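Below: one structure, written as structure tokens.
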Amino acid sequence: MSGKVFVVGVGMTKFEKPGARDWDYPDMAREAGTAALADAGIDYREVQQAYVGYVYGESTSGQRAVYELGMTGIPVINVNNNCSTGSTALFLAAQAVRSGQVDCALALGFEKMQKGSLGSTYTDREQPMARHLMALSGLYEFAMPPAPYMFGAAGLEHMARYGSTAEQFAKIGVKNHQHSANNPYAQFQDVYTLEEVLASRQIYGPLTKLQCSPTSDGSGAVILAGEDFVDRHGLAGQAVEIIGQSMVTDLEHTFTAQSAITLVGADMTRAAATKVYDQAGIGPDDVDVIELHDCFSTNELLTYEALGLCPEGDGGKLVDAGDTGYGGRWVVNPSGGLISKGHPLGATGLAQCSELTWQLRGTADNRQVAGAKVALQHNIGLGGAVVVTAYRGLS
Numbered sequence: 001m002s003g004k005v006f007v008v009g010v011g012m013t014k015f016e017k018p019g020a021r022d023w024d025y026p027d028m029a030r031e032a033g034t035a036a037l038a039d040a041g042i043d044y045r046e047v048q049q050a051y052v053g054y055v056y057g058e059s060t061s062g063q064r065a066v067y068e069l070g071m072t073g074i075p076v077i078n079v080n081n082n083c084s085t086g087s088t089a090l091f092l093a094a095q096a097v098r099s100g101q102v103d104c105a106l107a108l109g110f111e112k113m114q115k116g117s118l119g120s121t122y123t124d125r126e127q128p129m130a131r132h133l134m135a136l137s138g139l140y141e142f143a144m145p146p147a148p149y150m151f152g153a154a155g156l157e158h159m160a161r162y163g164s165t166a167e168q169f170a171k172i173g174v175k176n177h178q179h180s181a182n183n184p185y186a187q188f189q190d191v192y193t194l195e196e197v198l199a200s201r202q203i204y205g206p207l208t209k210l211q212c213s214p215t216s217d218g219s220g221a222v223i224l225a226g227e228d229f230v231d232r233h234g235l236a237g238q239a240v241e242i243i244g245q246s247m248v249t250d251l252e253h254t255f256t257a258q259s260a261i262t263l264v265g266a267d268m269t270r271a272a273a274t275k276v277y278d279q280a281g282i283g284p285d286d287v288d289v290i291e292l293h294d295c296f297s298t299n300e301l302l303t304y305e306a307l308g309l310c311p312e313g314d315g316g317k318l319v320d321a322g323d324t325g326y327g328g329r330w331v332v333n334p335s336g337g338l339i340s341k342g343h344p345l346g347a348t349g350l351a352q353c354s355e356l357t358w359q360l361r362g363t364a365d366n367r368q369v370a371g372a373k374v375a376l377q378h379n380i381g382l383g384g385a386v387v388v389t390a391y392r393g394l395s
């Protein structure tokens, strides 16, 4: 990594159940983008490039979205990388700043989703997940919908290999719902007991409904800047530095390992995290707060291990020890995570960045992790891409 990159402004909408609010994606983008610009204290005319992410939408929806903030002729790059779309936009914007091409960039993501489980938009061509699903169906009998099938199968594999239990996965759901009760941006703010999570409708394998992320509408936005920009605008008091960042896509052994855990991206995560720790000169024990991709509770547990929070197979022990909630070694998903905050695909990675920025600034209100200095973000999209980012506060 060469030049320094700082988060100087963040903003997001409340995440909503699809159709619960009378708005369209330009409204979402205007709300989140305006908030991020106000947080940075700058005008849109100072933004030199915009990277705009969404999964479900027509071509150049990114332009239509950011035109709500201004029409200055800057390059607007549309980004789609499945559920890691928002953090991919962040990754690209950070690259532009780090390389010196620009000294201020916008990463914005949004999603206006259909109700119910995710489905295919086009049926007359190869599905990007077909190879993953074919490999997995040789290990576990195929079931619909595909996403909970894949992550539920990974949970079953972990249970068979390492002895993790349905209760341990359910405890993750309990934790994240508890955390979201303090998040005004969260789609859900209800708290559930372990018994209620276990008794909710079974989806696949150990997964019940209250351990699965919902479909959501919403937007997130982040302003990134270089060191000179931060100095010129007097933003050092609120700037958060990106001290490590890596994107990794599927590896050859994704399809040869004959493992559901590998097929849902654990090895991508492990590779990306290793690079980020090396770039940042830190290890897992140096991290205070984490936002990770808990699309399903099983994936949160798998990600504990892939991020190096514990040895492979010990994720369940980490849960039982209370090491991933307030008072534990790390606070994981203080926002409520995808399970309870919601998961508008294009916005998720930028909402994670927003939460961690607030945590490192010490402005996360009732969610504040005491003394948070270093944060880690993990965002995954199957098919596939993982983005892991490490942050450090300046003040």
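Position 96 of the sequence shown, counted from 1, bears residue number 96 in UniProt numbering, the numbering being contiguous throughout. A virtual CB, placed ideally from N, CA and C, is assigned to each residue, including glycine. Predicted, not measured: the structure shown is a model, and the values here were computed from it.
Assigned secondary structure, Q49 (DSSP; H/G/I helix, E/B strand, else coil): It is a strand residue.
Please report the distance separating the alpha-carbon of Y192 from that of V174. C-alpha separation (whole angstroms): 6 Å.
Identity of the residues DSSP links to C310 by a beta bridge: In the DSSP assignment, C310 forms no beta bridge with any residue.
For the stretch 50-62 against the stretch 236-249, do three or more pairs of beta-carbon atoms, one drawn from each stretch, fall closer than 8 Å, so that the two count as touching? Too few Cβ pairs lie closer than 8 Å, so no.
Only counting the same chain, and skipping five residues up and downstream in sequence, which positions put a Cβ closer than 8 Å to that of R361? Sequence-distant partners of R361 (beyond 5 residues in either direction) whose C-beta falls short of 8 Å from its own C-beta, in its chain, are Q238, V240, G393, S395.
Starting from Q63, trace the alpha helix (DSSP H) both ways and give me its first and last residue. Start and end: 61-66.
Between M71 and V47, what straight-line distance do the alpha-carbon atoms span, to the nearest angstrom? In this model, M71 and V47 are separated by some 11 Å (Cα to Cα).
Beta-carbon separation (whole angstroms), R131 vs F6, contact threshold 8 Å: Actually they are not in contact, since the Cβ atoms of R131 and F6 sit about 39 Å apart, beyond 8 Å.
Straight-line gap, G265 to M247 (C-alpha atoms, nearest Å): Spanning the two alpha carbons is a distance of roughly 12 Å.
Just confirm the distance between the C-beta atoms of T348 and L338, as a whole number of angstroms; I'd bet it's less than 8 Å. At roughly 6 Å, the Cβ-Cβ gap stays under 8 Å, so T348 and L338 are in contact.
If I measure Cβ to Cβ from K171 and keep anything under 7 Å in the same chain, skipping five residues before and after, which residues do I get? When the five nearest sequence neighbours on each side are left out, the beta carbons in the same chain lying within less than 7 Å of the beta carbon of K171 are those of L194, V319, in order along the chain.
From K373, A364, S340, L69, pick the residue whose C-alpha is nearest to that of A181; which is it? Answer by Cα proximity: S340.
Using a Cβ-Cβ cutoff of less than 7 Å, which residues in the same chain neighbour M113 once the five nearest sequence positions on both sides are dropped? Excluding its 5 nearest sequence neighbours in each direction, M113 has C-beta neighbours in its own chain below 7 Å: P18, Y56, T215, S216, D217, P344, listed in chain order.
For S219, the residue or residues it bridges with in DSSP: According to DSSP, which records beta bridges pairwise, S219 is partnered with F110.
Near S335, which residues of its chain fall below 6 Å by C-beta distance, leaving aside the five closest residues on each side in sequence? For S335, where only same-chain residues beyond five positions count, the Cβ hits under 6 Å are N183, K341, E355.
Would DSSP call M1 helix, strand or coil? The predicted position of M1 is uncertain, since its pLDDT is 49 and thus under 50; a value taken from the coordinates is nonetheless stated next. In the structure shown, M1 sits in coil (DSSP, three-state: anything other than H, G, I, E or B).
Which term fits A370, buried or exposed, when burial requires 16 or more other beta carbons within 10 angstroms of its beta carbon? Looking at its Cβ environment, which holds fewer than 16 other Cβ atoms inside 10 Å, A370 is exposed.
Consult DSSP for T389 and reduce its assignment to one of helix, strand or coil. Correct three-state label for T389: strand.
For T121, does the count of other Cβ atoms within 10 angstroms reach 16, so buried, or fall short, so exposed? So T121 counts as exposed.
If you draw a straight line from the alpha carbon of S297 to that of A257, how long is it in whole angstroms? Approximately 23 Å, taken between the alpha carbons.
What is the DSSP secondary structure of C295, reduced to helix, strand or coil? Reduced to three states, the DSSP call for C295 is coil.
Tell me whether R45 is buried or exposed, calling it buried when 16 or more other Cβ atoms sit within 10 Å of its Cβ. With fewer than 16 neighbouring CB atoms inside 10 Å of its own CB, R45 falls in the exposed class.
A375 - partner residues in DSSP beta bridges: Residue pairing by DSSP puts A375 in a beta bridge opposite V289, Y391.
Does the structure place the stretch 135-154 close enough to the stretch 197-216 that three or more beta carbon pairs sit under 8 Å? Counting Cβ pairs under 8 Å, three or more are found: they touch.
Heavy atom of the ligand ATP within 7 Å of F255 beta-carbon: The model depicted lacks the ligand ATP and carries no ligand whatsoever.
Tell whether a beta-carbon distance below 8 Å holds between G109 and L350. Yes, these two residues count as a Cβ contact at 8 Å.
Cβ-Cβ distance between R125 and G3 below 8 Å: Using a Cβ distance threshold of 8 Å, R125 and G3 do not count as a contacting pair.
Checking 8 Å against the spacing of the C-beta atoms, do N81 and G381 come in under that value? Contact annotation: N81 and G381 have beta-carbon atoms nearer than 8 Å.
For D250, is the classification buried or exposed, using 16 other Cβ atoms within 10 angstroms of its Cβ as the cut-off for buried? Burial of D250 is indicated by the presence of at least 16 other C-beta atoms within 10 angstroms of its C-beta.
Under a CB-based cut-off of 8 Å, is T324 close to chain C? The structure shown has no chain C; it contains just one protein chain.
Over what stretch of residues does the alpha helix (DSSP H) that includes I261 continue unbroken? Per DSSP, I261 belongs to the alpha helix (DSSP H) from 260-263.
Quick one, are the C-beta atoms of Q359 and Q377 less than 8 Å apart? Contact: no.
Could you tell me the distance, in whole angstroms, from the CA atom of residue 397 to the CA atom of A390? Outside the displayed range of the chain (1 to 395) lies residue 397, so it cannot be described from this structure.
Beta-carbon contacts of M1 that lie in its chain and below 7 Å, excluding the five residues immediately before and after: Only weak support is given to the placement of M1: the predicted model assigns it a pLDDT of 49, under 50, and the question is left unresolved by the model.
Confirm, please, whether the CB-CB distance from A36 to residue 399 is below 8 Å. Nothing can be reported for residue 399: it is not among the residues displayed for the chain, which extend from 1 to 395.
Whether H158 touches I261 by CB criterion (8 Å): Taking 8 Å as the Cβ cut-off, H158 and I261 qualify as a contacting pair.
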